[in-house]
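**Q** Residue numbers (the UniProt record's numbering), protein chains in the order written: chain L, 1 to 364; chain B, 1 to 364; chain C, 1 to 364; chain A, 1 to 364.
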């Protein structure tokens with residue numbers, strides 16, 4: 001961990017390179033005066049307004065093998081306790097000079113919970129999601145609603161919802177965490193609260209309360225939903241099960257060219273993404289197929305649930321295997337080639353770019 | 001200008017302060033291995049999730065006197081040409097270590113144009129606004145629509161709209177620029193294009209095309225507005241004149257307690273702010289009145305159009321005079337006391353915080 | 001007044017014309033049995049589903065001369081008192097068999113108030129508007145807010161808002177009323193309440209409270225508007241003044257072909273019409289110009305504020321003079337020819353057709 | 001079938017009852033003159049603005065027994081051919097004087113298709129739905145997408161979607177049709193087109209294309225939905241299967257008092273009803289339970305899928321058995337008592353009343 005930021009700032013010119021300085025003593029005095037007044041001359045800056053985004057984050061892939069081994073070693077070496085809160089390894093983008101972020105806007109990490117461990121309750125304004133690349137046995141309490149976690153499931157922990165993780169099983173479990181933390185921090189809007197002391201482990205139904213109310217059938221919504229629930233800025237359905245995701249991808253495959261299908265996880269009661277800051281999608285690319293090259297503004301974090309292949313990222317080729325995680329920086333060219341059928345989960349900050357009128361997408 | 005960023009990053013502990021390190025050689029080796037794998041241990045970080053926002057930007061006021069004198073000196077010392085684009089002095093928040101930003105999300109500056117000068121056309125994804133604290137004589141071309149600028153006017157230059165500034169008058173003119181540039185840069189979404197070569201100065205109508213179509217009377221909207229215009233993410237009315245703002249404040253004063261009034265500049269055809277990233281407001285506080293203390297998430301940039309008084313900012317008291325500009329960092333306590341009647345223009349990133357479910361406001 | 005309805009019903013065939021009847025005693029018995037069971041055979045109906053709308057209302061013009069003379073005679077002959085409520089002459093479309101409606105969905109009428117008379121307060125779910133074709137002197141109280149009425153003004157009395165009319169002047173005044181009454185009645189949703197006893201006449205400001213809050217300048221909206229006001233289904237601005245309408249039309253004329261201009265009255269705080277059931281528009285056609293022929297679903301009620309010319313309505317030509325009112329039935333061809341410059345106010349049920357996915361418009 | 005309308009019109013007073021007539025010859029002449037001018041005096045009308053809705057439609061129940069027997073007899077007596085289009089028995093509300101409508105706004109009917117019959121393709125602006133009270137074997141083509149129909153399924157045929165019905169099975173089938181026809185007709189917005197000649201019967205998948213794209217899992221929506229599909233004013237999911245409805249009701253029962261549950265059928269991609277004119281709901285009331293009394297504006301058409309009990313409708317008690325259909329007129333008190341567990345499908349014009357600001361609901 002080094003001290004540099006993952007965020008954006010213009011590259012100032014060194015003093016000696018100042019354009020108008022030369023041997024002008026007036027200008028020199030002037031530059032001193034404005035510095036004193038906390039003002040800076042635009043005409044001496046560069047890199048502020050660039051034809052296309054100049055992105056510090058670089059394309060990178062974290063291999064499943066590394067993630068699993070290193071998380072397991074943390075499980076042995078580092079206790080989880082109230083002080084430490086979570087046993088989490090943050091993916092640090094090599095382009096960000098040591099900041100613990102996968103890009104300038106997103107946090108991605110693996111979290112590891114030993115058998116019989118509990119990660120205690122808290123809530124925070126940054127929104128989070130969990131995607132399970134393998135295993136099961138853990139459940140998450142979301143404002144008191146227990147959600148069992150299994151391979152392929154997407155679990156939301158939206159902004160300001162209390163959450164805690166319990167592993168009543170006899171085996172450790174690991175999953176992928178993605179948060180909008182760098183963005184919320186850059187907006188100076190981080191709030192945090194400890195939750196009530198953790199509850200004893202309980203028997204957990206395979207279906208959460210959220211699923212029973214909002215996840216039974218598409219378009220079937222309970223009447224009498226309170227304004228308190230209806231007006232929240234995120235989906236009332238907080239878990240999307242792999243069985244349904246898988247079946248939907250198969251259904252959609254039939255309607256395209258049979259080579260690929262893609263779905264978006266949505267608020268089932270509204271025309272919006274699951275959370276205001278994070279879009280979630282799952283893509284299936286049939287073995288032997290190569291996708292079109294695309295570019296879009298904003299960061300994409302991708303996780304391989306199943307299959308093998310390669311991804312081209314801005315001219316760099318990376319091999320993919322189940323459990324791998326990779327990042328597609330803003331406006332970076334991106335193309336997938338499936339050796340065996342790839343199932344890739346993607347989350348992105350696209351809803352933010354759309355809300356601010358900044359979303360662009362180009363498909364070759 | 002120093003090299004540090006204005007943006008957020010956690011404060012990493014120095015190696016020797018690592019919590020679990022002590023004399024544990026296994027852990028030491030482990031930390032080496034994860035660093036190699038571009039992973040970082042959450043349990044060794046601090047400052048990530050704080051009870052309330054920890055904001056680097058500090059409250060600060062730039063005095064009118066300084067802004068005017070230093071801008072005028074730039075006018076003498078620094079030529080404006082195609083290479084240099086704009087003669088702009090950026091307000092650099094003292095808390096941001098030298099970054100040329102007024103806060104982590106906003107850019108504020110004064111721009112100075114000599115008589116007969118032209119700042120040539122370009123467009124960029126960061127959105128901008130101009131607020132005229134004094135003077136007149138300049139006009140701005142917005143996608144070809146000439147907008148005359150006078151004291152108290154608010155002029156929008158929304159994302160991706162071509163703009164250029166012309167000063168056909170015989171006197172220099174200065175105004176306040178505010179942009180969402182740091183935010184758009186942090187989102188890795190900066191695009192930029194030079195415009196067509198500048199047009200010869202022309203006679204400019206006191207009312208722009210935008211005003212003639214969308215600014216005649218409240219609620220009176222032309223039929224047959226094209227989808228291209230209707231679907232843009234910003235207000236079709238790109239200038240709000242002081243005469244109407246002033247009259248509206250007087251009208252509103254009668255409906256409150258007679259002590260203060262506040263209006264919001266809005267898209268006159270929609271239920272939204274003028275731009276997706278910037279809220280604009282004007283507040284009048286009658287001499288002798290002290291406002292309630294408030295706090296809100298996000299940055300506010302305030303400019304005194306008229307009147308004198310003081311502002312309390314997180315315990316710090318600053319005097320205010322016409323032409324002063326000050327910044328209210330996120331969640332900072334803010335209270336105004338008017339000696340003579342204050343007219344204060346405020347712009348903020350509140351629409352972003354609202355869109356992302358992160359807006360909080362507390363009034364004591 | 002005859003007893004027939006203005007509303008739609010299929011034209012049943014007479015018994016003897018039944019298609020399958022012939023000499024089939026079984027069918028005859030069957031028809032008796034289903035009638036007994038309150039069932040009717042679709043196969044014996046005609047006119048249910050027609051290629052284009054079959055509209056009972058016919059094009060018609062009420063001349064200013066008639067309206068004024070007959071309203072004035074009512075003023076002499078018929079007292080206004082609590083029992084009688086309003087001195088109103090309803091325009092009865094000749095195609096509707098005597099129903100007091102200008103079309104199947106809209107009510108239009110002239111209302112006449114003698115000097116010193118008061119039409120007492122009440123409210124009802126049908127929404128109404130007043131358009132002043134001539135004169136001034138009356139004010140309307142809208143939930144207690146006094147609104148002075150003058151030539152060319154549009155005044156809203158939205159659903160469930162208390163309203164009463166006062167004429168403190170020394171001359172009688174007449175205006176046009178349009179209501180969505182037939183539609184609300186057909187939806188079985190008419191509610192009505194008497195208001196508090198009328199207030200003594202008062203001195204009325206030329207600008208109502210609604211105008212002071214929401215009508216000063218386009219896009220200038222007070223902060224701190226209560227949810228009670230914000231959430232109402234209609235515009236918070238309840239009067240649109242002729243001076244601004246006139247100036248806006250002149251502005252818009254410059255941007256078209258100089259031959260015609262049209263504006264829509266809108267909620268100045270939202271992307272919607274002034275009321276959920278009624279669209280309001282004002283059109284200016286320069287003398288010598290003939291408009292394109294158009295057709296649209298739903299009823300249009302048009303009033304000539306100024307100018308002369310002719311209107312073609314489904315092949316019928318009608319001359320137009322100031323103060324005339326005419327109706328354009330659904331899907332009827334409509335074309336204007338201005339002899340001298342025509343200013344025509346139009347209100348329609350278009351927002352209803354749009355909300356229900358039934359709006360169609362065709363311009364030749 | 002008698003010739004009177006089902007729609008609303010005020011009850012005019014007979015000439016001899018006119019309030020002001022008496023022996024006033026001036027007034028008599030005046031009434032003649034205004035009649036000539038197609039004007040009517042408001043002060044002589046009654047019943048226009050009533051404290052609460054005065055509704056012509058009355059509460060009524062059509063028994064399953066009657067519906068089934070009479071539909072089957074139609075199947076024997078009346079051929080279906082291109083001329084006749086559909087073999088449909090419309091429920092005629094006894095309060096509407098013979099109009100073939102279940103209320104002033106809605107059409108309800110049973111449709112009967114013999115084995116091997118086809119009802120050919122057409123489309124119309126009135127929107128329709130089918131609810132299957134019993135049986136299966138028929139499929140409906142919706143813009144070419146074949147939808148198999150089974151007991152408990154809800155099938156939409158939204159405005160302007162081509163539809164045709166095929167019965168390739170060896171048994172007849174009957175179902176409930178509900179349309180917004182009277183409302184669309186009253187708005188003078190009926191358009192109709194014959195479809196392409198019917199297709200040969202085909203093997204039909206148990207899941208339609210619409211279900212495969214939009215009906216797999218809640219919140220799982222395909223990316224790349226075309227604007228043409230996204231912008232339609234109705235749900236892209238055109239069938240809701242009983243298995244999922246039933247499971248959802250069971251899930252919801254657990255979250256209430258265990259006595260009753262209610263769901264609304266919704267567009268799974270938006271915050272809206274399935275069609276802009278028709279709301280659809282399914283309610284389960286456990287045997288032994290009595291619901292609260294409610295009133296709401298607009299018409300409700302209810303069909304008993306299963307169970308027995310009674311319904312109180314404005315003081316009238318009606319017994320309920322599977323297959324019964326009943327109508328709840330606007331603002332009529334409504335209360336259910338379940339003898340055995342009742343499953344009741346309800347459709348209403350509530351979205352229209354909501355869109356127009358006219359929806360009211362009162363629960364005792």
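Here a beta-carbon is modelled for each residue, glycine too, at the ideal position from N, C-alpha and C.
Since the structure is predicted, the reported quantities are computational estimates derived from the model, not experimental observations.
Does DSSP put residue 97 of chain L in a helix, in a strand, or in coil?
**A** Within the first chain, the letter at position 97 stands for residue 97 of chain L. In this structure, residue 97 of chain L counts as coil in the three-state DSSP scheme.
**Q** Return no unless some Cβ of chain B is closer than 8 angstroms to the Cβ of residue 235 of chain C.
**A** Reading the third chain from its first residue, position 235 is the one you call residue 235 of chain C. Closer than 8 angstroms: yes.
**Q** Bridge partners of residue 166 of chain L, per DSSP?
**A** Working through the first chain from its first residue, we reach residue 166 of chain L at position 166. Per DSSP, L/118, L/139.
**Q** When DSSP labels each residue in this structure, what does residue 68 of chain A get in the three-state scheme?
**A** To locate residue 68 of chain A, count along the fourth chain from 1; it is residue 68. Reduced to three states, the DSSP call for residue 68 of chain A is helix.
**Q** Run down chain C in chain order and give the residues with a C-beta less than 8 angstroms from the C-beta of residue 247 of chain B.
**A** Taking the first residue of the second chain as 1, we reach residue 247 of chain B at position 247. Ordered by position in chain C, the residues that pass the 8 angstroms Cβ test against residue 247 of chain B are 216, 217.
**Q** Between which two residues does the beta strand (DSSP E) harbouring residue 348 of chain L extend?
**A** One-based indexing of the first chain puts residue 348 of chain L at position 348. Note, residue 348 of chain L: beta strand (DSSP E), 334–348.
**Q** Taking the straight line between their C-alpha atoms, what separation do you get for residue 345 of chain L and residue 105 of chain L?
**A** As a position in the first chain, residue 345 of chain L is number 345, starting the count at 1. As a position in the first chain, residue 105 of chain L is number 105, starting the count at 1. Cα to Cα, residue 345 of chain L sits roughly 18 angstroms from residue 105 of chain L.
**Q** Just to confirm my understanding: we take residue 429 of chain A, look at its own chain, exclude 5 residues before and 5 after, and list those with CB closer than 6 angstroms. What are they?
**A** Here chain A covers residues 1 to 364 and nothing more, so residue 429 of chain A does not appear.
**Q** What are the partner residues of residue 362 of chain L, as DSSP defines its beta bridges?
**A** Translated into positions along the first chain, residue 362 of chain L becomes position 362. DSSP, once it has assigned bridges, lists L/295 as partnering residue 362 of chain L.
**Q** Can you give the Cα-Cα distance for residue 211 of chain C and residue 144 of chain A, rounded to whole angstroms?
**A** Counted from its first residue, the third chain places residue 211 of chain C at position 211. Counted from its first residue, the fourth chain places residue 144 of chain A at position 144. If you take the alpha carbons of residue 211 of chain C and residue 144 of chain A, they lie about 54 angstroms apart.
**Q** Can you confirm whether residue 158 of chain B, when its beta carbon is compared against all beta carbons of chain C, has any partner nearer than 8 angstroms?
**A** Your numbering for residue 158 of chain B matches position 158 in the second chain. So, not an interface residue.
**Q** Within 8 angstroms of any Cβ in chain C, is that where the Cβ of residue 301 of chain B sits?
**A** To locate residue 301 of chain B, count along the second chain from 1; it is residue 301. With 8 angstroms as the cut-off, residue 301 of chain B does not count as an interface residue toward chain C.
**Q** Between which two residues does the alpha helix (DSSP H) containing residue 253 of chain L stretch?
**A** Position 253 of the first chain, counted from the first residue, corresponds to residue 253 of chain L. 242–253 is the span of the alpha helix (DSSP H), which, as asked, contains residue 253 of chain L.
**Q** Mapping DSSP to helix, strand and coil, what is residue 112 of chain C?
**A** Here residue 112 of chain C refers to the residue found at position 112 when the third chain is read from its first residue. Strand at residue 112 of chain C.
**Q** Measure the alpha-carbon distance for residue 160 of chain L versus residue 96 of chain B and round it to whole angstroms.
**A** Within the first chain, residue 160 of chain L is the residue found at index 160, counting from 1. Within the second chain, residue 96 of chain B is the residue found at index 96, counting from 1. Their Cα atoms are separated by approximately 28 angstroms.
**Q** What do you get for residue 69 of chain B, buried or exposed, if any count of 16 or more other CB atoms within 10 angstroms of its CB means buried?
**A** Working through the second chain from its first residue, we reach residue 69 of chain B at position 69. Exposed, because fewer than 16 other Cβ atoms sit within 10 Å of the Cβ of residue 69 of chain B.
**Q** Look up residue 50 of chain C in the DSSP assignment and give the residues it is bridged to.
**A** Residue 50 of chain C sits at position 50 when you count from the first residue of the third chain. DSSP output for residue 50 of chain C lists no bridge partner at all.
**Q** Helix, strand or coil for residue 24 of chain B, going by three-state DSSP, please let me know.
**A** To locate residue 24 of chain B, count along the second chain from 1; it is residue 24. Residue 24 of chain B falls in the coil class under three-state DSSP.
**Q** When you compare the CB of residue 262 of chain B with every CB in chain C, is at least one pair closer than 8 angstroms?
**A** Locating residue 262 of chain B in the second chain gives position 262, counting from the first residue. So yes, residue 262 of chain B belongs to the interface.
**Q** Does the beta carbon of residue 30 of chain L come closer than 8 angstroms to any beta carbon on chain A?
**A** Position 30 of the first chain, counted from the start, is the residue given in the question as residue 30 of chain L. It does not; no Cβ of chain A falls within 8 angstroms.
**Q** For chain C, check one thing: does any of its Cβ atoms lie closer than 8 angstroms to the Cβ of residue 161 of chain B?
**A** Locating residue 161 of chain B in the second chain gives position 161, where the first residue counts as 1. Not closer than 8 angstroms to any Cβ of chain C, the Cβ of residue 161 of chain B fails to qualify, so no.
**Q** In whole angstroms, give me the CA-to-CA distance for residue 265 of chain B and residue 99 of chain B.
**A** For the purposes of this step, residue 265 of chain B is taken as the residue at position 265 of the second chain. For the purposes of this step, residue 99 of chain B is taken as the residue at position 99 of the second chain. Straight-line Cα distance between these residues: approximately 29 angstroms.
**Q** Alpha carbons only, please: which of L/77, L/248, L/271 is nearest the one belonging to residue 262 of chain L?
**A** The count along the first chain starts at 1 and reaches residue 262 of chain L at position 262. Considering only alpha carbons, the answer is L/248.
**Q** What is the DSSP secondary structure of residue 29 of chain L, counted as helix, strand or coil?
**A** The residue labelled residue 29 of chain L in the question sits at position 29 within the first chain. Looking at residue 29 of chain L - three-state DSSP - the assignment turns out to be helix.
**Q** Less than 8 angstroms between the CB atoms is what I'm expecting for residue 52 of chain B and residue 331 of chain B, so what's the real figure, rounded?
**A** Locating residue 52 of chain B in the second chain gives position 52, counting from the first residue. Locating residue 331 of chain B in the second chain gives position 331, counting from the first residue. Right, their Cβ atoms sit about 6 angstroms apart.
**Q** What does a CB cutoff of less than 8 angstroms around residue 190 of chain B pick up in its chain, not counting 5 residues either side in sequence?
**A** Along the second chain, read from residue 1 onward, the residue named residue 190 of chain B stands at position 190. Excluding positions up to five away in sequence, the list reads 124, 125, 126, 181, 184.
**Q** Using the beta-carbon count (16 or more within 10 Å), is residue 257 of chain A buried or exposed?
**A** For the purposes of this step, residue 257 of chain A is taken as residue 257 along the fourth chain, with counting starting at 1. Classification of residue 257 of chain A: exposed, given that the 10 Å Cβ count is below 16.
**Q** Return the first residue and the last residue of the alpha helix (DSSP H) that residue 213 of chain L is part of.
**A** Position 213 of the first chain, counted from the first residue, corresponds to residue 213 of chain L. From DSSP, the alpha helix (DSSP H) with residue 213 of chain L extends over 209–214.
**Q** Exposed or buried, which one is residue 361 of chain A when buried takes at least 16 other CB atoms within 10 Å?
**A** Here residue 361 of chain A refers to the residue found at position 361 of the fourth chain. By the 10 Å Cβ count, residue 361 of chain A comes out exposed.
**Q** Express the C-alpha separation of residue 321 of chain A and residue 113 of chain A in angstroms, rounding to a whole number.
**A** Residue mapping note: residue 113 of chain A aligns to position 113 of the fourth chain, counting from 1. Residue mapping note: residue 321 of chain A aligns to position 321 of the fourth chain, counting from 1. Cα to Cα, the separation comes out at about 23 angstroms.
**Q** What did DSSP end up calling residue 311 of chain C once you bin it into helix, strand or coil?
**A** Translated into the one-based positions of the third chain, residue 311 of chain C becomes position 311. Here residue 311 of chain C sits in strand by DSSP.
**Q** With 8 angstroms as the limit, tell me which residues of the region 306–336 of chain B have their beta carbon closer than that to any beta carbon of chain L; keep them in chain order.
**A** Residues passing the 8 angstroms Cβ filter: 329, 330, 331.
**Q** For residue 183 of chain L, does the three-state DSSP call read helix, strand or coil?
**A** As a working note, residue 183 of chain L is residue 183 in the first chain. The answer is helix: DSSP assigns residue 183 of chain L an H, G or I state.
**Q** Since residue 62 of chain L sits in a beta bridge, which residues does DSSP pair it with?
**A** The count along the first chain starts at 1 and reaches residue 62 of chain L at position 62. L/325.
**Q** For chain A, is any of its Cβ atoms less than 8 angstroms away from the one on residue 175 of chain C?
**A** Locating residue 175 of chain C in the third chain gives position 175, counting from the first residue. Answer no: the Cβ-Cβ gap between residue 175 of chain C and chain A never drops below 8 angstroms.
**Q** Run down chain L in chain order and give the residues with a C-beta less than 7 angstroms from the C-beta of residue 205 of chain A.
**A** Here residue 205 of chain A refers to the residue found at position 205 when the fourth chain is read from its first residue. The premise fails here: residue 205 of chain A is roughly 10 angstroms from chain L at the closest Cβ pair, so nothing lies under 7 angstroms.
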